[in-house]
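Number of protein chains: 2
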Amino acid sequence: MTAIPWLTQLQENGYRLTGARRAVVETVQQATHALTPLQVFDLARKKYPALGLVSVYRTLEKLEELHLIQRVHQPQGCQAFISAGSGHQHLLLCQNCGQVEFFEGDDLEALTSVISQRTGYQIKEHWLQLFGLCRNCQ
Amino acid sequence: MTAIPWLTQLQENGYRLTGARRAVVETVQQATHALTPLQVFDLARKKYPALGLVSVYRTLEKLEELHLIQRVHQPQGCQAFISAGSGHQHLLLCQNCGQVEFFEGDDLEALTSVISQRTGYQIKEHWLQLFGLCRNCQ
DNA sequence: TTTGATATTGAAAATCAATTTCAATAAGCG
DNA sequence: CGCTTATTGAAATTGATTTTCAATATCAAA
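Just so you know, the sequences run in chain order W and S. Just so we're aligned: the first sequence equals residues 63 to 200 in this note's numbering. Just so we're aligned: the second sequence equals residues 63 to 200 in this note's numbering.
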């Protein structure tokens, strides 16, 4: 959770606050599962019935740009978004119910330096994602 | 590189060998970059001009099913495929030229057991991908 | 407040990737 | 060689995302 609320961040970056944005932001912020644009649309429309799907896409785009949400890559597809953790965090996904958890504290220094030497690559970034079953789904 | 050639593997799984398949298989097998279906189409058409894009999709589907190729997830998109390494391997991608390398020998046991205890998840799988600059692009 | 510039809206149209349909063709078994 | 049937490419279809556009709403400035 970021200290500064999302709506404030949007405003500080020159974006106006509208009903459509409020509905999308609230929806994504409350989610414990990654949501596709269409899922966001369906949920957010309950709060703001006039909402258009296009505004969902546009708002998600801005939230991603501000690093408030992140795209979730899964075997079934990569269209879903989840609220981004703060700092350097990775995802842990339940293969059954789709719940998303964050974790940090991965230390890949040792690994990356070995790989770097072995391949000659200068390593800049890493993606790490774990899949499993959450407590309820085991 | 798998011991048994891809065309043989296709045949052993009951698929027929055709010009379209040969062209797609050769193209993907020779690539050092991840290729999208459209890129495969453009390259493979040089070998087999009658090729249809649909056959590219269908052949890629079968190659993925036989674990001969794998999908590559990148910030810009997740439609590209690369020849799959054998055994448990991960990808290292050059952010500049797009070249793909494989590496293995990641030991995430320590990490996953800590995360498992901390979150209560039973961890089944992990995705690890490194990004950087290859020797030429540094 | 009110005003006015302009960012934002939703609907519709357009684009793009991927899938399905289908009649013609070709692979490969006997 | 002949026959069964998997495979083909073209065209149509689907589904997701983007663009266009006139109407509207936000918010800073008067």
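C-beta atoms are modelled at their ideal positions from N, C-alpha and C, and glycine is treated no differently.
So S:Thr-174 and S:His-188 are in contact, right, with Cβ under 8 Å, and what is the actual spacing, rounded? 7 Å
Quick check: is the beta carbon of W:Thr-94 nearer than 8 Å to any beta carbon in chain S? no
Should W:Asp-168 be flagged as near chain S, meaning a C-beta pair shorter than 8 Å? yes
Identify, in the order they occur along the chain, each residue of the same chain with its Cβ nearer than 8 Å to the Cβ of S:Tyr-119, setting aside the five sequence neighbours on each side. These residues qualify, in order along the chain: Pro-99.
Taking only three categories from DSSP, how would you classify W:Gly-160? coil
Which class does S:Leu-113 belong to by DSSP, given the choice of helix, strand or coil? coil
For S:Arg-107, which residues of its own chain have a beta-carbon under 6 Å away from its beta-carbon, when the five flanking residues on both sides are left out? Leu-113
Alpha helix (DSSP H) runs wholly inside the stretch 118-195 of chain S, at least 4 long, in chain order: 171-181
Integer-rounded CB distance, given that S:Lys-109 should sit under 8 Å from S:Glu-123: In fact, because the Cβ distance is near 20 Å, the residues do not count as touching under 8 Å.
Less than 8 Å separating the beta-carbons of S:Gln-179 and W:Gln-184? no
For S:Thr-100, which of helix, strand or coil comes out of DSSP? As written in the sequence, residue 100 of chain S is Leu, which differs from the Thr given in the question. Here S:Leu-100 sits in helix by DSSP.
Closer than 8 Å at the beta carbon, the chain S residues around W:Glu-163: Thr-181, Tyr-183
Chain-order list of residues whose beta-carbon lies under 8 Å from that of S:Glu-166 (same chain, five-residue window excluded): Gly-147, Gly-149, His-150, Gln-151, His-152, listed in sequence order.
Excluding the 5 residues flanking S:Ile-131 on each side, which residues of the same chain have their C-beta closer than 8 Å to its C-beta? Val-90, Leu-122, Leu-125, Phe-143, Ile-144, Ser-145, Ala-146
Rounded to whole angstroms, what is the Cα-Cα separation between W:Val-86 and S:Val-116? 37 Å
Please look up how many angstroms separate the CB atoms of W:Gln-191 and W:Thr-94, rounded, as I've assumed it's under 8 Å. 17 Å between Cβ atoms; not a contact.
Could you check whether S:Val-134 and S:Ala-172 sit closer than 8 Å to each other, using their CB atoms as the reference points? no
Spatially closest choice to S:Lys-186 from W:Gly-81, W:Lys-186, W:Asn-158, W:Gln-101, by CA coordinates: W:Asn-158
Counting contacts by CB-CB distance shorter than 8 Å, is W:Gln-157 in contact with chain S? yes
CB contact flag (S:Leu-182, W:Cys-156, <8 Å): Note that residue 182 of chain S is Gly in the sequence shown, not Leu. Not closer than 8 Å, so no.
Residue burial classification, S:Glu-163 (beta-carbon count within 10 angstroms, cutoff 16): With a threshold of 16 other beta carbon atoms within 10 Å, S:Glu-163 meets it and is buried.
Does S:Gln-191 have its Cβ less than 8 Å from a Cβ in chain W? yes
Could you work out which residue in W:Gln-101, W:Asp-169, W:Cys-140 is closest to S:Ile-177 when comparing CA atoms only? W:Asp-169
Just confirm the distance between the C-beta atoms of W:Leu-128 and W:Asn-75, as a whole number of angstroms; I'd bet it's less than 8 Å. Confirmed, Cβ separation roughly 6 Å.
For W:Thr-70 and chain S, any beta-carbon pair shorter than 8 Å? no
Chain W contact residues for S:Glu-88, given Cβ-Cβ distances below 8 Å: Those do not exist, as S:Glu-88 stays about 26 Å from chain W at its closest Cβ, beyond 8 Å.
Length of the line joining the Cα atoms of S:Gln-71 and S:Phe-103: Annotation: S:Gln-71 to S:Phe-103 spans about 22 Å, alpha carbon to alpha carbon.
If I measure Cβ to Cβ from S:Arg-83 and keep anything under 6 Å in the same chain, skipping five residues before and after, which residues do I get? Result list for S:Arg-83: Thr-121, in chain order.
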